[in-house]
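Asks: Sharing a structure with you now.
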Amino acid sequence: MEMEIFFRYCGVLGLLYVGVTLNVIRNRWKHRVGLGHGKVSDMNKAIRIHGNFSEYIPFILLLTYFAIEKQMISMTGIHVLLSALIISRVSHFIGLTKSAGTSFYRFFGTSVILIALIGISIILLR
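Below, the structure written as structure tokens:
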């Protein structure tokens with residue numbers, strides 16, 4: 082049962098990844114930038130949203146998979162952790178899309194992803 086839930090969350094996160102990828106593509110078309118960010122702020126933000134997602138999510142999902150396989154995390158823990166990942170990435174997207182500077186949504190998204198990473202790491206150290 083735990084793996085079924087895990088796979089559903091992976092599916093949702095996969096669709097979110099498609100969304101941030103399409104955001105990069107949309108900005109590339111809009112600003113006519115083929116490679117890099119072309120010194121366009123919107124392009125740079127879209128690339129960083131995409132990059133941040135691809136840097137954190139696969140690693141945390143891998144650690145979560147290990148914890149599930151070794152029966153080190155409860156159903157509730159799985160829901161809390163993976164819901165937090167979704168919320169953090171949506172928040173990060175909103176925050177960085179609105180401003181390249183500091184914002185509550187960006188701070189919240191970054192904080193939640195770091196707490197999730199610390200949490201699953203501690204679970205695996207038990």
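Read in order, the letters of the sequence shown are residues 82 to 207 in our numbering. For glycine and all other residues, C-beta sits at the position ideal for the given N, C-alpha and C.
Which of the three DSSP states, helix, strand or coil, is assigned to H112?
Replies: Reading the sequence shown from its first residue, position 31 is the one you call residue 112. H112: helix per DSSP, three-state reduction.
Asks: Work out the CA separation of I86 and M156 for me, nearest whole Å.
Replies: Working through the sequence shown from its first residue, we reach residue 156 at position 75. Working through the sequence shown from its first residue, we reach residue 86 at position 5. Roughly 8 Å between the two C-alpha positions.
Asks: Can you give the beta carbon distance from V193 to I175, rounded, assuming they're within the 8 Å contact cut?
Replies: By 1-based counting over the sequence shown, the position of residue 193 is 112. By 1-based counting over the sequence shown, the position of residue 175 is 94. Incorrect: roughly 13 Å between the Cβ atoms, too far for contact.
Asks: Hey, quick one: how far does the alpha helix (DSSP H) through I154 stretch, first residue to last?
Replies: For the purposes of this step, residue 154 is identified with residue 73 of the sequence shown, where counting begins at 1. Where I154 is concerned, there is no enclosing alpha helix (DSSP H), given that its DSSP letter is neither H nor E.
Asks: Please say whether A165 and A197 have beta carbons closer to each other than 7 Å?
Replies: Counting from 1 along the sequence shown, the entry for residue 197 is found at position 116. Counting from 1 along the sequence shown, the entry for residue 165 is found at position 84. Contact flag set, yes.
Asks: For T183, count neighbouring C-beta atoms within 10 Å of its own C-beta (all shown protein chains included) and say buried if the count is 16 or more, exposed if not.
Replies: The residue labelled residue 183 in the question sits at position 102 within the sequence shown. Per the 10 Å Cβ criterion, exposed.
Asks: Could you check whether the region 90 to 98 touches the region 126 to 138, counting it as contact only if at least three pairs of C-beta atoms, one from each stretch, sit closer than 8 Å?
Replies: Short answer: they touch.
Asks: Are M124 and H118 closer than 7 Å when you measure CB to CB?
Replies: Within the sequence shown, numbered from 1, the residue matching residue 124 stands at position 43. Within the sequence shown, numbered from 1, the residue matching residue 118 stands at position 37. Going by C-beta atoms, M124 is nearer than 7 Å to H118.
Asks: On the premise that T145 lies in contact with L163, defined as a C-beta separation below 8 Å, what is that separation, rounded to the nearest angstrom?
Replies: For this step, residue 163 is matched to residue 82 along the sequence shown. For this step, residue 145 is matched to residue 64 along the sequence shown. Their Cβ separation, rounded to whole angstroms, is 7 Å, which keeps L163 and T145 in contact under 8 Å.
Asks: By alpha-carbon positions, which one of I159, Y186 and H160 ends up nearest to V171?
Replies: Counting from one through the sequence shown, the residue named residue 171 turns up at place 90. For V171, the nearest C-alpha among the options comes from Y186.
Asks: Name the two residues that bound the continuous alpha helix (DSSP H) containing G190.
Replies: Position 109 of the sequence shown, counting from 1, holds the residue named residue 190. Element bounds for G190: F185 to L206.
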